[in-house]
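Have a look at the structure below before the remarks.
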Amino acid sequence: MKSVRYLSRWAAYGLAALPISLARVPVRLRVPRRLLGARITPRGLNWTRVRLHSTLGAAAGLVAWFAALLATVALVRGVAYPLVAAHDHENSWGGPTLGGAWAVHAALGIGLLPLWGVLLAGLGAVQVGLANRLLGRTGPWWPVPVSLALAAGGVLLFVSWLHQI
Numbered sequence: 292m293k294s295v296r297y298l299s300r301w302a303a304y305g306l307a308a309l310p311i312s313l314a315r316v317p318v319r320l321r322v323p324r325r326l327l328g329a330r331i332t333p334r335g336l337n338w339t340r341v342r343l344h345s346t347l348g349a350a351a352g353l354v355a356w357f358a359a360l361l362a363t364v365a366l367v368r369g370v371a372y373p374l375v376a377a378h379d380h381e382n383s384w385g386g387p388t389l390g391g392a393w394a395v396h397a398a399l400g401i402g403l404l405p406l407w408g409v410l411l412a413g414l415g416a417v418q419v420g421l422a423n424r425l426l427g428r429t430g431p432w433w434p435v436p437v438s439l440a441l442a443a444g445g446v447l448l449f450v451s452w453l454h455q456i
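With the numbering used here applied, the sequence shown covers 292 to 456.
Spelled out as structure tokens, the structure:
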């Protein structure tokens, strides 16, 4: 149970990182310490580092919110399958009966929730690493290129998703 609470804090930070990346620098340093216990000791901050953190943090935060949207859609469509998409249950997963299709879609919608939580927690870890690297004294090198890749991948995923709806 302790690990679920720990994971949920990191996932919450992954979602909160979007507004945090647009806040003042003291807030950006305080929230990870209070929510996660992750201390970020500031170094000589300049305009470039703060703006870069705002841009990359907001991009990764948007990816986290889009992932949360997809998780919500999957959960609602799975649990409410007969109300949302039961027009062709003979050819859907779990078909040919409505009960089988509903069971499979509900199991997937509910069963994938822990994976969505792990994804959001990972995005929260990227956000903390990014803050450590750009605002703090020390930090790993990898959050900057990962944030750039997340921004590019998030745009591609969003455009692909828009084309299929």
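Ideal Cβ placement from N, Cα and C applies to all residues, glycine included.
As the structure is a prediction and not an experimental result, all values here were calculated from the model.
Going by beta-carbon coordinates alone, are residue i and residue j separated by less than 8 Å?
i: Gly408; j: Val395; result: no
i: Phe357; j: Gly444; result: no
i: Ala365; j: Leu403; result: yes
i: Trp301; j: Gly415; result: yes
Hey, quick one: how far does the alpha helix (DSSP H) through residue i stretch, first residue to last?
i: Asn423; result: 404 to 425
i: Ala351; result: 338 to 370
i: Ile311; result: 293 to 312
i: Ser383; result: That residue, Ser383, is in no alpha helix (DSSP H); it is neither H nor E in DSSP.
i: Pro431; result: Per DSSP, Pro431 belongs to no alpha helix (DSSP H) and is neither H nor E.
i: Pro317; result: 316 to 327
Might you give, ordered along the chain, the residues of its own chain that have their beta carbon closer than 7 Å to the beta carbon of residue i, omitting 5 neighbours on each side?
i: Arg330; result: Arg324
Using the Cβ count rule (16 or more neighbours within 10 Å means buried), how would you classify residue i?
i: Gln455; result: exposed
i: Pro405; result: exposed
i: Ser438; result: buried
i: Arg428; result: exposed
i: Pro317; result: exposed
i: Arg342; result: exposed
Tell me which residues share the same chain as residue i and place their Cβ nearer than 6 Å to its Cβ, disregarding the 5 neighbours each side in the sequence.
i: Val370; result: Ala397, Gly400
Problem - contact_flag[the stretch 304 to 314, the stretch 337 to 348] where n(CB pairs < 8 Å) is 3 or more - result: yes
Exercise for the section: Evaluate contact between the stretch 433 to 451 and the stretch 370 to 380, counting only Cβ atoms and requiring at least three cross-stretch pairs below 8 Å. Expected result: no
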